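Contents: one structure, followed by commentary.
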Amino acid sequence: MHTKRSKMPKSWPVPRKTKAKRFVAMPNHSKQNSLNLLFVLRDILGFAKTRKEAKHILHNGDVKVNSKVRKAEEFPVQILDTISLEKIDKYYRLEIVNRRFLLKEIKKSEVETKIVKIIGKITLGKNKIQMNLADGTNMLSKVKFNLGDSAVLNTAKNTVEKVLPLKQKAKVEIISGKHAGEKGEVSEIIQLSREKVYKIKLEKGEVSLPFKTVLVIG
5 MHTKRSKMPK SWPVPRKTKA KRFVAMPNHS KQNSLNLLFV LRDILGFAKT
55 RKEAKHILHN GDVKVNSKVR KAEEFPVQIL DTISLEKIDK YYRLEIVNRR
105 FLLKEIKKSE VETKIVKIIG KITLGKNKIQ MNLADGTNML SKVKFNLGDS
155 AVLNTAKNTV EKVLPLKQKA KVEIISGKHA GEKGEVSEII QLSREKVYKI
205 KLEKGEVSLP FKTVLVIG
């Protein structure tokens, strides 16, 4: 499925044109939360001029997402995922800035670290707890955690390095909505009848948000 540039989500970092003649790939995942590899290689990073060139790069195994080789052009790159192009020594992380996606260049030493929100918890047996993560992956963990906390992963070793709890004074980033990309601190946690609401102190003002829109980053 493809879409004209003028029809793309506002979070996609591509200028809109009045008369759109060029088409770009639409992510198969949630189009608000991810970009596919074809789009990333060709339209953002500019390492390929055509779909054929991008597919050639991918089929050669030259691209890693979160330390794993990915060859599918439609593979979704999600928020805070890392991209490695080791042959040219280039490394990136997908971030949100001003409610738009940004592929930020990072150091090689940073590429194996990823922060992910914990959205589920399943007890599998004695001392075996499965951590369900927002990016669709599941991890076994011996570390105590609660829903809404963040897991700091080592993507090369496929391990949970530590857990960042969602609590008062936690450093957070807003990952959806009109404040997406803004960072702040949890100033208060309010328990309502069905859910908790988190008051976040931002650089300019304060907002109250549900946990699904907040990612703990420190």
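Just so you know, we're using my numbering here: the sequence shown kicks off at 5 and counts up by one. Each residue gets a CB set at the ideal place from its N, CA and C atoms; glycine is no exception. Since the model is a prediction, treat every value here as computed from it, not as a measurement.
- Inside the segment 80-136, DSSP marks whole beta strand (DSSP E) runs of 3 or more residues at positions 80-82, 86-89, 94-101, 104-109, 117-129, from first to last along the chain.
- In the DSSP annotation of this structure, the continuous segment of the beta strand (DSSP E) that includes Ile-194 starts and ends at 187-195.
- Its Cα nearest to that of His-183, the residue Thr-217 stands out among Ile-92, Ile-221, Thr-217.
- The continuous stretches of beta strand (DSSP E) do not include Glu-57, which lies in the alpha helix (DSSP H) extending over residues 55-63.
- In the structure shown, Thr-217 adopts helical secondary structure according to DSSP, grouped into three states.
- Distances from the CA of Lys-68 to each of Leu-41, Gly-50, Ser-88 were compared; the closest alpha carbon is that of Ser-88.
- Cβ atoms of Lys-111 and Tyr-95 come within 8 Å of each other, at about 7 Å.
- It is roughly 9 Å from the alpha-carbon of Asp-85 to the alpha-carbon of Ile-119.
- If you ignore the 5 residues before and after Glu-99, its C-beta comes within less than 6 Å of the C-beta of Leu-106, Lys-108, all in its own chain and listed in chain order.
- Note on geometry: alpha-carbon atoms of Thr-54 and Arg-103 lie some 28 Å from one another.
- Look at Ile-179 here: in three-state DSSP terms it is coil, with no helix or strand label.
- In this structure, the straight-line span from the alpha carbon of Ile-194 to that of Gly-152 is close to 14 Å.
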